[in-house]
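Chains A and B supply the protein sequences, listed in that same order. Here the first sequence stands for residues 4 to 487, numbered as in the working numbering. Here the second sequence stands for residues 453 to 936, numbered as in the working numbering. Even glycine gets a Cβ: it sits at the ideal position worked out from N, Cα and C. Treat the numbers as computed from the prediction; the structure is a model and nothing was measured.
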Amino acid sequence: MIHTPHIDWFSIVPILVLLGGSFVALLCAVLVPDAWRRTVSALVAATAATGGIVTSIWLYVDSANGHRVIADSFYRDRWTALSQIILCAITLATVLTGAERAREHESEFFALLLASAAGMAFFVGAASLMTLFLSLEWFSIALYVLCAIDYELEGALEAGLKYLVVGSFGSAALLFGSALVYAATSHIGFVEIAAAARSHDLLLLLGLAMIIAGLAFKSSAAPFHMWTPDVYQGAPTTVTAFMSSATKVAAFALSFRVLRTAFPQEEHLWSWALAALAVASLLVGNLAALVQKDVKRMLAYSSISHAGFILIGLSTGSALGARALMYYLIPYSAMAFGSFAIVAARERELNAPVTLDNLAGFGWERPFLGVAMWFFMFGFAGLPLGGGFLGKFYVLSAAYEHGWAWLVVVGVVATIVSLYYYLGVVRAMYMRSPAELVVAGGSPPRERLLQVAVGMAFVVSVGSLFAVSPVITLARHAASALPF
Amino acid sequence: MTVADFTSVLIWLPVGAAIALWVLPLSRYAIGSLAVLVSLVEVGLWIEQAVRFRFNATGLQFSQNAPWIKDLHVSYHVGEYGFSLWLVGLTVVAMAACIGYGFWVGRDRPRAYFGLMLLLTGATVGVFVAQDMLLFYAFFEAMLIPLYILIGVWGGAARTGATIKLLIYTMAGSLIMLAAVIVYGLQVGTFDLVNAPISMSRWLFLAFMLAFAIKAPLFPFHGWLPDAYREAPPEVTAVLSGVIAKAGTYGMLRIAITKFPEPTSYYRTVILALAAAALVYGSLLAFRAPDFRGVVAYSSMAQSGLIAIGLFSGSNLALDGAVLQMIAHGLVSCSLFLIAGTVERRTTTGEFFRLGGLAKGRPALATLLLIVGVISLAVPGSAAFAGEFLILAGAYQRAWWWAAIGAGAIVLAAMYMLRLISAVLHEARGATVDDAALDLRAGELALIVPLVAALLVLSAWPAAIAHHSFAGDNPANAIVSQFN
Numbered sequence: 004m005i006h007t008p009h010i011d012w013f014s015i016v017p018i019l020v021l022l023g024g025s026f027v028a029l030l031c032a033v034l035v036p037d038a039w040r041r042t043v044s045a046l047v048a049a050t051a052a053t054g055g056i057v058t059s060i061w062l063y064v065d066s067a068n069g070h071r072v073i074a075d076s077f078y079r080d081r082w083t084a085l086s087q088i089i090l091c092a093i094t095l096a097t098v099l100t101g102a103e104r105a106r107e108h109e110s111e112f113f114a115l116l117l118a119s120a121a122g123m124a125f126f127v128g129a130a131s132l133m134t135l136f137l138s139l140e141w142f143s144i145a146l147y148v149l150c151a152i153d154y155e156l157e158g159a160l161e162a163g164l165k166y167l168v169v170g171s172f173g174s175a176a177l178l179f180g181s182a183l184v185y186a187a188t189s190h191i192g193f194v195e196i197a198a199a200a201r202s203h204d205l206l207l208l209l210g211l212a213m214i215i216a217g218l219a220f221k222s223s224a225a226p227f228h229m230w231t232p233d234v235y236q237g238a239p240t241t242v243t244a245f246m247s248s249a250t251k252v253a254a255f256a257l258s259f260r261v262l263r264t265a266f267p268q269e270e271h272l273w274s275w276a277l278a279a280l281a282v283a284s285l286l287v288g289n290l291a292a293l294v295q296k297d298v299k300r301m302l303a304y305s306s307i308s309h310a311g312f313i314l315i316g317l318s319t320g321s322a323l324g325a326r327a328l329m330y331y332l333i334p335y336s337a338m339a340f341g342s343f344a345i346v347a348a349r350e351r352e353l354n355a356p357v358t359l360d361n362l363a364g365f366g367w368e369r370p371f372l373g374v375a376m377w378f379f380m381f382g383f384a385g386l387p388l389g390g391g392f393l394g395k396f397y398v399l400s401a402a403y404e405h406g407w408a409w410l411v412v413v414g415v416v417a418t419i420v421s422l423y424y425y426l427g428v429v430r431a432m433y434m435r436s437p438a439e440l441v442v443a444g445g446s447p448p449r450e451r452l453l454q455v456a457v458g459m460a461f462v463v464s465v466g467s468l469f470a471v472s473p474v475i476t477l478a479r480h481a482a483s484a485l486p487f
Numbered sequence: 453m454t455v456a457d458f459t460s461v462l463i464w465l466p467v468g469a470a471i472a473l474w475v476l477p478l479s480r481y482a483i484g485s486l487a488v489l490v491s492l493v494e495v496g497l498w499i500e501q502a503v504r505f506r507f508n509a510t511g512l513q514f515s516q517n518a519p520w521i522k523d524l525h526v527s528y529h530v531g532e533y534g535f536s537l538w539l540v541g542l543t544v545v546a547m548a549a550c551i552g553y554g555f556w557v558g559r560d561r562p563r564a565y566f567g568l569m570l571l572l573t574g575a576t577v578g579v580f581v582a583q584d585m586l587l588f589y590a591f592f593e594a595m596l597i598p599l600y601i602l603i604g605v606w607g608g609a610a611r612t613g614a615t616i617k618l619l620i621y622t623m624a625g626s627l628i629m630l631a632a633v634i635v636y637g638l639q640v641g642t643f644d645l646v647n648a649p650i651s652m653s654r655w656l657f658l659a660f661m662l663a664f665a666i667k668a669p670l671f672p673f674h675g676w677l678p679d680a681y682r683e684a685p686p687e688v689t690a691v692l693s694g695v696i697a698k699a700g701t702y703g704m705l706r707i708a709i710t711k712f713p714e715p716t717s718y719y720r721t722v723i724l725a726l727a728a729a730a731l732v733y734g735s736l737l738a739f740r741a742p743d744f745r746g747v748v749a750y751s752s753m754a755q756s757g758l759i760a761i762g763l764f765s766g767s768n769l770a771l772d773g774a775v776l777q778m779i780a781h782g783l784v785s786c787s788l789f790l791i792a793g794t795v796e797r798r799t800t801t802g803e804f805f806r807l808g809g810l811a812k813g814r815p816a817l818a819t820l821l822l823i824v825g826v827i828s829l830a831v832p833g834s835a836a837f838a839g840e841f842l843i844l845a846g847a848y849q850r851a852w853w854w855a856a857i858g859a860g861a862i863v864l865a866a867m868y869m870l871r872l873i874s875a876v877l878h879e880a881r882g883a884t885v886d887d888a889a890l891d892l893r894a895g896e897l898a899l900i901v902p903l904v905a906a907l908l909v910l911s912a913w914p915a916a917i918a919h920h921s922f923a924g925d926n927p928a929n930a931i932v933s934q935f936n
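Here's what the structure looks like:
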């Protein structure tokens with residue numbers, strides 16, 4: 004007889020809600036007539052995402068004492084719940100952004116989106132190498148398909164394939180690393196690994212290195228970033244918006260937990276490794292972004308450079324670093340999502356890839372989107388127009404507290420470099436002379452829902468500057484679930 | 453609402469008004485009037501504060517303190533000392549004149565223009581009243597955002613290069629200051645400027661000084677100055693040189709000198725030498741500059757050098773003089789740039805070889821330019837003379853040669869100012885000067901005359917500022933004791 008573990012159903016309610024939504028959306032593809040299909044599936048998806056937000060808030064409130072559930076394979080704690088809140092909010096915004104775009108596989112788009120969100124929501128709570136790998140594949144496979152869902156789009160298939168190949172490589176590295184760790188400790192649970200680990204165990208260290216590499220692929224940290232610009236550029240912009248924000252949240256939240264919980268003895272090693280990744284990402288992301296003309300590609304490199312900033316917080320491994328990480332992710336994901344959503348709006352208007360040149364005059368034509376974009380760009384650059392500024396402050400504070408003043412200097416220099424390309428976008432939107440303006444042709448589509456999504460991102464990114472204390476309190480409670 | 457709340461109101465009223473301008477469906481005329489009205493309300497609020505200010509009392513007045521980021525001990529702490537009160541006054545008066553100027557000339561895209569001018573007002577007041585390092589930094593950076601767009605959108609033909617230079621220069625300085633803020637704040641355990649103990653670190657001092665020296669600007673950090681001052685709309689240049697540059701010298705006084713007494717005396721000679729270089733080199737460049745704005749721009753740099761000499765010579769007289777000179781020069785350069793704007797409107801140029809003979813038939817323009825010019829070259833009895841005399845007398849107490857250099861530069865000031873006056877007003881009539889070009893109109897007079905009147909009042913009673921900036925008769929001691 005197979006022994007079934009006790010299942011704490013409540014702990015996985017957000018995941019079940021998202022998955023349920025995914026199934027219903029998939030059914031819509033068959034049962035709902037063409038004319039209604041997009042509306043109904045979008046409605047289902049929005050409901051599921053909202054349900055996910057509500058239930059994960061509930062879970063957050065109700066999980067003050069973090070513990071493992073379901074045969075010790077999943078964490079029910081505030082770190083998981085806060086990450087899930089962010090993920091579900093991003094999912095909701097993605098649904099809103101995607102709801103007004105006609106595509107061939109509409110229901111499938113929402114079904115895959117929700118499936119991927121569910122996978123991420125599971126991923127951030129993983130408590131053993133098994134659940135970690137399973138959920139990683141779960142959300143990755145959904146994303147591979149999403150990247151190529153508009154296969155008539157130029158570059159979409161290429162993006163999907165590239166992501167599939169490179170992503171699988173990352174997954175394989177992670178899986179191999181997990182196997183090595185298991186071989187060294189004969190455990191797969193994070194807590195048990197920490198307890199069984201011997202010092203100077205080469206097998207374990209090799210496994211750890213490969214796990215870090217696998218996760219770095221997902222979070223697109225240099226030098227594992229090669230796929231990012233191509234995939235971000237080729238994928239449908241709505242999907243890019245989702246990937247650039249949600250995948251990062253999931254990957255970084257989980258990375259911190261794995262390293263902190265399973266490998267505390269090796270902290271002196273992984274903190275240096277992550278610091279090296281951070282420096283590499285800052286270098287590659289910022290330098291490459293300087294020369295980009297395509298806005299999506301530029302934002303892709305910018306997301307690599309922000310991965311570098313987040314890794315600074317991660318590399319400290321401290322409680323302050325954990326707070327900094329969580330805090331950074333909130334305005335960052337809002338800005339990343341919002342900026343890609345605005346690119347999506349311009350793209351639909353022009354029916355062409357958005358470059359710095361054809362962004363000319365956009366700020367005056369669409370005042371709200373223009374203002375939001377300049378807030379996001381200045382926020383990315385760390386000017387005090389939004390939470391991005393405090394995120395940087397927090398992350399660099401964590402680095403200094405860790406005794407790494409040099410990392411503060413690296414972060415500051417990277418920010419100075421990044422100014423050039425972020426300001427380039429603002430310049431393109433507002434400062435071209437009328438003679439250079441591109442005529443977009445006809446009145447732009449209204450896209451109320453997309454504007455609502457951008458508005459949400461805007462409110463979060465600006466609100467997190469003024470309401471720092473509440474957000475930090477959330478992050479602190481979440482971080483207290485981790486062992487320090 | 454008590455008078456202490458006015459400090460916050462002075463910051464947030466214009467910000468709120470800017471948002472209202474962007475959101476409310478107002479006519480072009482209503483937008484401009486509302487902006488002017490708000491800027492006048494600011495002046496009124498400030499007068500109310502100045503009347504209630506207790507100049508004999510030590511310590512911070514009109515202060516408000518609320519936690520902002522609790523776990524890092526960052527607070528929203530604002531308040532005023534004597535000298536910050538005067539700088540706030542300079543800000544609101546100059547901004548009112550400049551916003552009025554923008555209204556008078558009917559700037560294009562009024563919604564964006566007046567909103568940004570109001571944002572700039574709020575941020576600049578914030579710099580002068582912030583008593584928390586991170587808050588100070590946030591406002592210091594926030595000033596740049598509206599400036600960047602104001603120059604980039606409404607500026608002259610070569611505005612793109614000017615804005616990039618301005619941004620990169622000043623952001624590089626201030627991001628290094630951010631690193632210093634983080635390190636200093638975490639070292640002493642608080643970001644509060646009033647409570648933070650003094651520091652001995654020379655590195656931190658240099659990082660702060662770099663940011664302030666770029667903003668002021670001091671030699672050799674003035675690379676951004678000529679382009680920005682020439683390409684910006686005249687009223688924005690007026691703000692930039694009259695008010696924003698003073699944020700640099702204010703920072704030297706409030707943070708660099710106050711919090712780093714040991715490094716201040718260690719680097720005193722170097723800084724005095726750089727300030728003297730700015731003074732002499734700026735004066736020489738002003739003498740060589742081929743256009744109206746160039747002369748005033750380089751003279752601003754020279755004056756910043758003089759103010760820095762006053763601040764860093766560390767004697768009582770010089771400190772009093774430096775504050776007086778900040779205000780006097782702020783008013784002078786604001787008026788001069790506005791007059792430059794009126795001249796450019798009439799002749800389409802500021803280049804001397806195409807100007808000349810404007811005095812004939814334009815008595816108001818000639819009178820105002822002559823009065824401001826004469827005050828600016830520090831004719832005995834003028835406010836600028838009082839300021840420069842105090843600075844030089846104080847510098848003499850440090851070493852006679854600083855005073856000698858300063859006195860020499862005053863001679864240069866007379867030369868470039870008289871050259872400016874004669875090139876614009878007298879000499880043969882320039883190619884672009886048309887007989888039909890009108891004298892200053894009532895609207896223009898209403899903007900410039902109050903500034904000149906303020907200068908004349910200060911000329912009659914320089915002690916209004918010189919004796920009311922630091923409580924007690926000993927500013928050098930006050931700096932050490934009062935702010936800690």
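Burial check for B/P914: the Cβ neighbour count within 10 Å reaches 16 or more, so the residue is buried.
Listed in chain order, the non-local C-beta contacts of A/L317 below 7 Å within the same chain comprise F255, S258, F259, L277, G324 and L328, local neighbours out to five positions each way being set aside.
For chain A, the residues of the region 498-528 of chain B that bring a beta carbon within less than 9 Å of one of its beta carbons are P519, W520, I521, K522, D523, L524 and V526, in chain order. The Cβ of B/V605 sits closer than 8 Å to at least one Cβ of chain A.
Spatial neighbours of A/L388 in its own chain (CB-CB distance under 6 Å, excluding positions within 5 residues in sequence) are listed in chain order as F378, F381 and G382. Its chain contains T97 as the residues whose beta carbon lies nearer than 6 Å to that of A/F245, once the 5 sequence neighbours on both sides are disregarded; these appear in chain order. Taking the C-beta atoms as reference points, B/A730 is found nearer than 8 Å to B/S756. Judged by DSSP secondary structure, B/N768 falls outside any beta strand (DSSP E) and instead within the alpha helix (DSSP H) spanning N768 to T799. In the same chain as A/R479, and ignoring 5 residues on each side of it, the C-beta atoms closer than 6 Å to its own belong to R326, in chain order. Annotation: A/V294 is outside any beta strand (DSSP E) and is labelled neither H nor E by DSSP. For B/S527, the secondary structure class from DSSP, reduced to helix, strand or coil, is strand. By the CB criterion at 8 Å, A/S342 and A/G390 fall outside the cutoff.
Boundaries of the alpha helix (DSSP H) harbouring B/P713: P713 to Y718, taken from the DSSP string. Restricting attention to beta strand (DSSP E) runs no shorter than 3 residues, the region 403-428 of chain A encloses none.
Taking C-beta separations shorter than 7 Å and ignoring five residues to either side along the sequence, the partners of B/A928 in its chain run G766, S767, N768 and L771, following chain order. Sequence-ordered contacts of the region 565-577 of chain B with chain A are nonexistent [C-beta pairs closer than 8 Å]. At a C-beta separation below 7 Å, B/E593 has these neighbours in chain A: L386 and P387. Annotation for A/H480: the continuous alpha helix (DSSP H) segment containing it runs V471 to A482.
A residue is called buried when at least 16 other Cβ atoms come within 10 angstroms of its Cβ; B/V748 meets this threshold and is buried. Short of 6 Å from the beta carbon of A/A197, and not among the five residues preceding or following it, lie these beta carbons of its own chain, in chain order: A265 and P267.
Measuring C-alpha to C-alpha distances from B/A866 to each of B/F837, B/H878, B/R881 and B/T884 identifies B/F837 as the nearest. Taking B/A456 as the centre and dropping the five residues before and after it, the same chain places the C-beta of F514, S515 and Q516 closer than 7 Å to its C-beta, in chain order. When the Cα atoms are used, A/F142 and A/I88 turn out to be separated by approximately 17 Å. Of all residues in the region 623-646 of chain B, only M623, A624, L627, I628, L630, A631, I634, V635 and L638 place a beta-carbon less than 7 Å from a beta-carbon of chain A. By the neighbour-count criterion, in which a residue is buried when 16 or more other Cβ atoms sit within 10 angstroms of its Cβ, B/M453 is exposed.
Under the Cβ criterion (8 Å, minimum of three pairs), the region 125-139 of chain A does not count as touching the region 28-38 of chain A.
Annotation for A/F220: the continuous alpha helix (DSSP H) segment containing it runs L205 to K221. A direct Cα-to-Cα measurement between B/K617 and B/I603 gives close to 12 Å. Under the DSSP assignment, A/V374 falls in the alpha helix (DSSP H) whose first and last residues are P370 to F383. For the beta strand (DSSP E) assignment, the region 615-673 of chain B encloses no uninterrupted run of at least 3 residues. As the crow flies, the alpha-carbon of A/L149 is around 14 Å from that of A/E157. Taking the Cβ atoms as the reference, A/T134 lies roughly 6 Å from A/F77, within the contact range of under 8 Å.
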